[in-house]
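Colleague: Supplied in structure tokens, the structure appears directly below.
2 protein chains.
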Amino acid sequence: MALMARKQGSHSDITGPKVREAALRLIARHGYAAVSMRQLAAEVGVQAGALYNYTPDKQTLLYDLMRDHLVDVIENFDKADPRSDAQSRLRAFVSFHIRYHLPRADAVFVAYMELRNLEPENFAAIEKLRRAYEDRLEAILRQGEAEGAFAMKDARITTRAIIGMLTGFFTWYRQEGRLPLEEVEAIYWDLVGKAVAR
Amino acid sequence: MALMARKQGSHSDITGPKVREAALRLIARHGYAAVSMRQLAAEVGVQAGALYNYTPDKQTLLYDLMRDHLVDVIENFDKADPRSDAQSRLRAFVSFHIRYHLPRADAVFVAYMELRNLEPENFAAIEKLRRAYEDRLEAILRQGEAEGAFAMKDARITTRAIIGMLTGFFTWYRQEGRLPLEEVEAIYWDLVGKAVAR
DNA sequence: TTTTCAAATGAACAGATGTTCAGTTAGATG
DNA sequence: CATCTAACTGAACATCTGTTCATTTGAAAA
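Line by line, the protein sequences are chains C and H.
When we follow the numbering used here, the leftmost residue of the first sequence carries the number 24, and every step to the right adds one.
When we follow the numbering used here, the leftmost residue of the second sequence carries the number 24, and every step to the right adds one.
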């Protein structure tokens, strides 16, 4: 039959993304266990059965959302990383983290809050990705120590403290429009920079 | 009938606390929506109907757990607060936060992760308590600015950053026995102290 | 126009959900 | 001892759950 263009009228190109978007929105708002497949289907504008054209089951849908998000985060951080001196890299990390996560607040929230609802092997895979992102920050902190630019008592705990600090940001920023993004970024850079300074 | 001592054999003095403990443990582990009243009853060693001697409904049980926890946190912080110079008070805050929350990891987790599952008026009440605790930290930071001991770009955001940093701690410490509590406390104090230093 | 088939429907399934309540139990009280 | 009652049981309720699948739809392909 040779090469054939994808059907133009195919709904799956539209419905598929709609399912993922609606799932992120509903799960972020109500939690995985509290969102039923029928609620999700209604949000998409479809019957529950149709969702199973896009995911084998509810658990896999959650896992795919979390994995896709974390893979994107890591991939895009690696692009943004200047790979120069530790000070510049740390600054880039803080800036990237805030700017990249802000327009993806639902995905951040889900990837952070729904770990409990993953089956063991899915949990292990997601933890591995989360750890891979944390390891990138830890490497920057250790480089800074080696360069004599940073000083801290424990690079691993400092890594988690910084991530906790930056991530907590997304649990409240949406309500609070008080400050422009640039300002928030400057405030966080001030805190992080001073915390690890020599 | 005059004054009468409480029945000695009364089970409600035993079952009541058991219900709250089991609820905290199960909800922390699996999430509010994922825990059924029958699971909770089984954990307590009772039939589902008996739970309704201890709570009018599932939602109120969640709300009571969160409220009791936050009220205790605030009450005990106020006792621990030295009310002296900002530097001492901040140090006491960090120390209190870590030491008080550590043996109450389940309650911390529930009070932090289950906000989404509160009905609007319960949510408002819990948010008020959370805010009251944050305000105590913010007051310390502003006192430090006034004394010339601290310098920061924005006291409100710094408050949330510090709380986020300290709270993130409880999402991973249970697994990681690598360092003794005193050491973790010292590491956090180092980070917080430097971050707000002049 | 007829054929084709991806996409969606809608009913059905076995079981779980929060909550209520008449009835049972067991231990303290008088 | 008999009485009382707080605590609990166990069945029932209406409704919701994730998932399956035979059937229908509608638009692109031939």
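From the three backbone atoms N, C-alpha and C, an ideal C-beta is built for every residue, glycine too.
Bear in mind the structure is a predicted one, so any value in this text is a computation, not a measurement.
Name the chain H residues that come within less than 9 Å of histidine 227 of chain C, Cβ to Cβ?
Modeller: Outside the shown range of chain C, which is 24 to 221, sits residue 227 of chain C, and nothing can be said about it.
Colleague: So, using beta-carbon positions, are tyrosine 55 of chain H and glutamate 137 of chain H closer together than 7 Å?
Modeller: Here tyrosine 55 of chain H is near glutamate 137 of chain H, since their CB atoms are less than 7 Å apart.
Colleague: Please identify the residue among H/Phe146, H/Arg122, H/Ala130 whose C-alpha is closest to the C-alpha of proline 203 of chain H.
Modeller: H/Arg122
Colleague: Looking at chain C, is there any beta carbon in it that lies within less than 7 Å of the beta carbon of glycine 191 of chain H?
Modeller: yes
Colleague: Could you name the residues of the same chain whose beta carbon sits closer than 6 Å to that of aspartate 158 of chain C, not counting the 5 residues immediately before and after it, in chain order?
Modeller: Nothing meets the Cβ criterion.
Colleague: Starting from the C-beta of isoleucine 97 of chain C, find all residues in its chain whose C-beta is less than 8 Å away, skip the five residues before and the five after it, and write them out in chain order.
Modeller: Leu152, Ala155, Tyr156, Arg159
Colleague: List in chain order: all unbroken alpha helix (DSSP H) runs of 4+ residues lying wholly within the segment 145 to 204 of chain C.
Modeller: 178 to 191
Colleague: Here's the rule: buried if 16 or more other CB atoms are within 10 angstroms of the residue's CB, otherwise exposed. What is aspartate 129 of chain H?
Modeller: buried
Colleague: How is the alpha helix (DSSP H) around proline 40 of chain H delimited, first residue to last?
Modeller: 35 to 53
Colleague: Please report the distance separating the alpha-carbon of phenylalanine 116 of chain H from that of valine 58 of chain H.
Modeller: 34 Å
Colleague: In the DSSP assignment, find the alpha helix (DSSP H) that holds aspartate 101 of chain C and state where it starts and stops.
Modeller: 81 to 103
Colleague: Of all the CB atoms in chain C, is at least one closer than 7 Å to the CB of isoleucine 121 of chain H?
Modeller: no
Colleague: Look at leucine 164 of chain C and threonine 190 of chain C and say whether their C-beta atoms are less than 7 Å apart.
Modeller: no
Colleague: So which of H/Ile149, H/Ile210, H/Glu161 has the shortest CA-CA distance to arginine 183 of chain C?
Modeller: H/Ile210
Colleague: Would you mind telling me which residues of chain H sit closer than 7 Å to lysine 217 of chain C, beta carbon to beta carbon, in chain order?
Modeller: Here the neighbours are Lys217, Ala218, Ala220.
Colleague: Taking alanine 162 of chain C as the reference, give the member of C/Val131, C/Leu93, C/Leu113 with the closest Cα.
Modeller: Closest by alpha carbon: C/Leu113.
Colleague: Which residue's Cα is closest to the Cα of threonine 38 of chain C: C/Arg52, C/Leu49, C/Gln70?
Modeller: C/Gln70
Colleague: By a C-beta neighbour count over all protein chains shown, 10 Å radius and 16 as the cutoff for buried, is alanine 109 of chain C buried or exposed?
Modeller: buried
Colleague: Answer with buried or exposed for glycine 167 of chain H, where buried requires no fewer than 16 other C-beta atoms within 10 angstroms of its C-beta.
Modeller: buried
Colleague: Closest by CA to phenylalanine 173 of chain C, which one among C/Val219, C/Arg61, C/Glu44?
Modeller: When each option's Cα is compared against that of phenylalanine 173 of chain C, the closest is C/Val219.
Colleague: Closest by CA to lysine 102 of chain C, which one among C/His120, C/Gln62, C/Gly68?
Modeller: C/His120
Colleague: What's the gap between the Cα of leucine 47 of chain H and the Cα of aspartate 91 of chain H?
Modeller: 12 Å
Colleague: Can you find the residues in the same chain that come closer than 7 Å, C-beta to C-beta, to valine 133 of chain H, ignoring five residues on each side of it along the sequence?
Modeller: So the list reads Leu47, Ile50, Ala51, Leu88, Met89, once near-sequence residues are dropped.
Colleague: Enumerated in chain order, which unbroken segments of the beta strand (DSSP E) with a length of 3 residues or greater are wholly contained in the segment 102 to 127 of chain H?
Modeller: none
Colleague: Which value, in whole angstroms, describes the spacing of the CA atoms of tyrosine 75 of chain H and arginine 221 of chain H?
Modeller: When the Cα atoms are used, tyrosine 75 of chain H and arginine 221 of chain H turn out to be separated by approximately 55 Å.
Colleague: What does DSSP give as the partner residues of alanine 220 of chain H in its beta bridges?
Modeller: H/Phe173
Colleague: Which residue comes first and which comes last in the alpha helix (DSSP H) that contains arginine 61 of chain H?
Modeller: Its alpha helix (DSSP H) spans residues 60 to 67.
Colleague: Sort C/Ser107, C/Glu208, C/Pro143, C/Arg201 by Cα distance to valine 170 of chain C and report the nearest one.
Modeller: The sequence given here places glutamate at residue 170 of chain C; valine does not occur at that position. It is C/Ser107 whose Cα lies nearest to the Cα of glutamate 170 of chain C.
Colleague: Suppose contacts are defined by Cβ-Cβ distances below 7 Å. Is asparagine 140 of chain C in contact with tyrosine 86 of chain C by that definition?
Modeller: no
Colleague: Is tyrosine 77 of chain H helix, strand or coil when you go by DSSP?
Modeller: coil
Colleague: Just to make sure I have the definition right: I need the residues of chain H whose C-beta is within less than 7 Å of the C-beta of methionine 136 of chain C. Which are they?
Modeller: For the C-beta of methionine 136 of chain C, the chain H residues within less than 7 Å are, from N- to C-terminus, Met136.
Colleague: Leaving out five residues on either side along the sequence, give the residues of the same chain with a beta carbon under 7 Å from the beta carbon of valine 67 of chain C.
Modeller: The beta carbon of valine 67 of chain C is closer than 7 Å to those of Thr38, Lys41, Val42, Ala45 in its chain, skipping five residues each way along the sequence.
Colleague: What three-state label does DSSP hand glutamate 208 of chain H in the structure shown?
Modeller: Here glutamate 208 of chain H sits in helix by DSSP.
Colleague: Decide if alanine 25 of chain H is buried, meaning its Cβ has at least 16 other Cβ atoms within 10 Å, or exposed.
Modeller: Caution is warranted here: a pLDDT of 30 is assigned to alanine 25 of chain H, below 50, making its placement in the model unreliable, and the coordinate value is therefore given only provisionally. Alanine 25 of chain H should be labelled exposed.
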